[in-house]
Each structure stands twice: as C-alpha cells, then as structure tokens.
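J.: To convert a position in the sequence shown, counted from 1, into my numbering, add 48.
A virtual CB, placed ideally from N, CA and C, is assigned to each residue, including glycine.
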Amino acid sequence: MLVDIPKIKYKDSSNFFLLAGPCAIEGEEIALRIAERIVKITDKLNIPYVFKGSYRKANRSRLDSFTGIGDEKALKILAKVGQEFGIPTVTDIHESGEAAMAAEYVDVLQIPAFLCRQTELLVAAAKTGKVVNIKKGQFLSGQSMKHAVGKVQDAGNDKIILTDRGNSFGYQDLIVDYRNLVEMKHFNVPVVMDCTHSLQQPNQESGVTGGKPELIETIAKAAIAVGADGLFIETHPDPKNAKSDGANMLQLDLLEGLLEKLTRVRQAVI
49 MLVDIPKIKY KDSSNFFLLA GPCAIEGEEI ALRIAERIVK ITDKLNIPYV FKGSYRKANR
109 SRLDSFTGIG DEKALKILAK VGQEFGIPTV TDIHESGEAA MAAEYVDVLQ IPAFLCRQTE
169 LLVAAAKTGK VVNIKKGQFL SGQSMKHAVG KVQDAGNDKI ILTDRGNSFG YQDLIVDYRN
229 LVEMKHFNVP VVMDCTHSLQ QPNQESGVTG GKPELIETIA KAAIAVGADG LFIETHPDPK
289 NAKSDGANML QLDLLEGLLE KLTRVRQAVI
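(1) Note down the Cα distance separating I53 from P96, rounded to an integer number of angstroms.
(2) My output table needs one value for H142: the three-state DSSP class, helix, strand or coil.
(3) If G130 sits next to T137, beta carbons under 8 Å apart, how far is it from one beta carbon to the other, in whole angstroms?
(4) Do three or more CB pairs link the segment 277 to 291 to the segment 74 to 94 at distances below 8 Å?
(5) Buried or exposed for D301, going by 16 or more other Cβ atoms inside 10 Å?
(6) Just the Cα atoms here: how many angstroms apart are L307 and L123?
(7) With a threshold of 8 Å between beta carbons, is S102 in contact with chain D?
(8) Ends of the beta strand (DSSP E) at H284?
(9) Please classify R312 as buried or exposed, where buried requires at least 16 neighbouring CB atoms within 10 angstroms.
(10) Consult DSSP for D242 and reduce its assignment to one of helix, strand or coil.
(11) In terms of alpha-carbon separation, which member of D293, K309, S144, L170 lies closest to G116?
(12) Under a three-way DSSP split, which group does L67 fall into?
(13) Reducing DSSP to helix, strand and coil, say where V156 ends up.
(14) Leaving out five residues before and five after A276 in sequence, what residues of the same chain have Cβ atoms less than 8 Å from its Cβ?
(15) From A161 to A316, what does the alpha carbon distance come to, in whole angstroms?
(16) Would you kindly check if the distance between the Cβ of I208 and the Cβ of L66 is under 8 Å?
(17) Where does S192 sit, in a helix, a strand or coil, going by DSSP?
(18) Run the CB neighbour count on G198, radius 10 Å, all protein chains shown included, and call it buried at 16 or more, exposed below.
Written as structure tokens, this is what we have:
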C-alpha cells in the first residue's frame, strides 16, 4: 500500500518503503553522514526512504540518560537533512504542545508506542495535516489500534501509518506477533514493522535498555513475508557508542546487504 508522504520517491510501487536513521539526533555531521549513506543505498535498490531521528528522547530509564542536543537545534538538523537530500523526515512527539512545533520541520509526526492512546496528542498531530505514524502500544493488539486510527481520522486527517514494535512479554522482554500486522492492514492504512525496537530488552537492572540486534534480519524477513508495507530500522555507524538505544540498532555497514535480501523476499511474495 502506498502512503502519500511529501517528497517520498516511488520509483517502484511494488517495493516496501523504509523509515531509517539514528535513534536520536546527536549532531549535524553524523545525521548528514547517515542520511547520505542510506540515500545512496535506497536509490540503488529503488526503496522509498524517510529519514528518522528523534529530536528529543522523553522516555528514558534513568534521569541521567541522554535526551537530546536541544529541541530547536535537533529539529533544524532534521530540516537540513530533508532539504539537502530531498527526502521526507520523521520524528517523535510526546505532548500535544509539540505537534505544531515539530510539524514546521518534518514531514511525518510519530506517536510513541506508550502514548498511542493519548487522545489530545493524536488529535494535535492530526490537526497539523502531516502524516501521522502511530506506533502500536506494547500492551495492545493490532485490532485495538482501530481506535487510534479513528481518533486521527475524526480529527480530519486520513494520512496515517501504523507501526508494530512487538508486545510486552514478561517483565523484561518483547515478542513479535505477526498477526498484528495482518490485523492492522484491515484499516486500509500502510503498516510498518519496527525491526529494531521490537528486539529491545527493556527495564534492565542497569537502567540501560538491552537488545538483540542479531535478530533484526529475522524480524524484517518475516514482516515482509506477511505483507508489511514498510520497515522501520534504527541504524548507526557505531552503535556501541550511540547516545541512545545502541543495544538494538543495526550497524550502518550492514544495512545495504540486509536491504538487498529484503527486496528479494519482497519480490518473491508479491
């Protein structure tokens, strides 16, 4: 299913689209470097691409965790990435008052999974007229997301994406139930699999979220096989030294090989 995102390039409408980039905006140089590399890869493979980066991280395990380099500074970097490479950008918002501010800089507003039931946040995002990517709560079924979709639509916006990021499994793990992707496709919106956050191991005793990035390929292949329209992958040149979520991000050097495999899976199943 195609999604009407400004500036997105559909050279091959049969392919999946990609939301990818660092977890958080750490600085201009590294954001531009990551974007440039992914643009070259996705152009080569005819994958429509949206650059992802959080301008602020509001959901942290510890008070001393990295939250950002400053809202305006990070948002301006996102805008520069979009302008320099002619690609759309996506970032998270956390409170209703952030929607209009972030909408001035990016093309897609993302609702974090823990906040997908927050009515005022969904309505504020909808009213900007931007595409709204709603992450499915770890505590919800795919079918339950019809209410989040309905809130955005009732606020006058039908430009919606739904993204699955796994379900809570015990106290410190997540599990992916691929029925959720199938159920969410019934709402006639593009459905995305978050291949990196679904491999998190949250609430570790250290206060630093763990992860299993070695399974990113497995999650991504299965998602394409069951009909995901898009993939969400956080990636970084040096995940071990990333300022946020390094434990579950994909090493940037591995992205091209992974996407080559995934395009072949896509062609095999369509």
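T.: A quick look at the data gives this:
(1) For the purposes of this step, residue 53 is taken as the residue at position 5 of the sequence shown. For the purposes of this step, residue 96 is taken as the residue at position 48 of the sequence shown. Their backbone Cα atoms lie some 10 Å apart in a straight line.
(2) Numbered from 1 along the sequence shown, position 94 holds the residue referred to as residue 142. Three-state DSSP puts H142 in coil, outside helix and strand.
(3) Reading the sequence shown from its first residue, position 82 is the one you call residue 130. Reading the sequence shown from its first residue, position 89 is the one you call residue 137. Yes, they are in contact, since the Cβ atoms of G130 and T137 sit about 5 Å apart, within 8 Å.
(4) yes
(5) In the sequence shown, residue 301 corresponds to position 253, counting from 1. D301 should be labelled exposed.
(6) Indexing the sequence shown from 1 puts residue 307 at position 259. Indexing the sequence shown from 1 puts residue 123 at position 75. So the two alpha carbons sit approximately 28 Å from each other.
(7) The question asks about chain D, but that chain is absent: this structure has only one protein chain.
(8) The residue you call residue 284 lines up with position 236 of the sequence shown. Taken as a continuous stretch (DSSP letters only), the beta strand (DSSP E) holding H284 covers 278 to 284.
(9) For the purposes of this step, residue 312 is taken as the residue at position 264 of the sequence shown. Answer is exposed; the Cβ neighbour count stays below 16.
(10) Your numbering for residue 242 matches position 194 in the sequence shown. Correct three-state label for D242: strand.
(11) Residue mapping note: residue 116 aligns to position 68 of the sequence shown, counting from 1. The option with the nearest alpha carbon to G116 is D293.
(12) Working through the sequence shown from its first residue, we reach residue 67 at position 19. L67 falls in the strand class under three-state DSSP.
(13) Start at 1 with the first residue of the sequence shown, and residue 156 comes out as number 108. Residue state, collapsed to three classes: strand.
(14) As a working mapping, residue 276 is identified with position 228 in the sequence shown. Excluding positions up to five away in sequence, the list reads F64, L229, V239, V240, M241.
(15) What you label residue 161 is simply residue 113 of the sequence shown in a count that begins at 1. What you label residue 316 is simply residue 268 of the sequence shown in a count that begins at 1. Their Cα atoms are separated by approximately 31 Å.
(16) Within the sequence shown, the letter at position 18 stands for residue 66. Within the sequence shown, the letter at position 160 stands for residue 208. No, these two residues do not count as a Cβ contact at 8 Å.
(17) If you number the sequence shown from 1, residue 192 lands on position 144. In this structure, S192 counts as helix in the three-state DSSP scheme.
(18) The residue you call residue 198 lines up with position 150 of the sequence shown. Exposed, because fewer than 16 other Cβ atoms sit within 10 Å of the Cβ of G198.
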